[in-house]
Amino acid sequence: KAAAQAGEDAAVAAAVEEAEAAKQQRAQAHAAIYAEAARLQTVGDAQAVTAAVEAEAATDAATAQAQVDAQAASLQAVEEAATAAAAVAGVVVAVAMAEVAAAALRAQAHAQAQAQAVSEAEAAAAAAEAAAAAAVAA
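If you want it as structure tokens, here you go:
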């Protein structure tokens with residue numbers, strides 16, 4: 003009877019040990035599950051933060067590109083305006099040069115006309131002197 007009791011006690015003790023070991027295994031499995039869930043949450047958080055940072059960087063890059071494009075367009079407009087102003091200035095200079103050339107031609111023509119008038123007057127005076135001399139001789 004004592005042996006049977008001892009066997010029963012040993013079986014109970016073995017069952018208690020098995021139950022305790024199973025309990026510890028369950029606790030370890032739960033801890034592993036919770037740790038994995040926390041890791042996944044951390045990974046998810048990190049991925050979300052990374053995605054947000056990447057989106058912000060893309061937005062910043064797009065904004066910077068838009069500013070560069072706007073500055074380039076502004077510079078191009080300034081260059082076009084400067085080119086147009088230079089063309090207008092060139093036309094103004096060409097017109098001024100043409101006016102100067104026309105004034106010089108007018109002055110030259112006037113001087114030639116005066117010289118011709120003087121020559122004609124001298125010729126007329128010489129003819130009048132010749133006529134007067136012929137009248138005196140006659």
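Residue numbers for the sequence shown follow the working numbering, beginning at 3 and rising by one.
C-beta atoms are modelled at their ideal positions from N, C-alpha and C, and glycine is treated no differently.
In this structure, how does DSSP classify residue i when only helix, strand and coil are distinguished?
| i | result |
| --- | --- |
| LYS3 | coil |
| ALA140 | coil |
Exercise for the section: Jot down the residue ranges of each uninterrupted beta strand (DSSP E) in the region 62 to 140, minimum 3 residues, whole runs only, in chain order. Expected result: For the region 62 to 140, not a single whole beta strand (DSSP E) run of length 3 or above is found.
Handout entry: Residue ranges of each beta strand (DSSP E) within the region 4 to 38, 3 or longer
Key = Taking 3 residues as the minimum length, the region 4 to 38 contains no beta strand (DSSP E) run wholly inside it.
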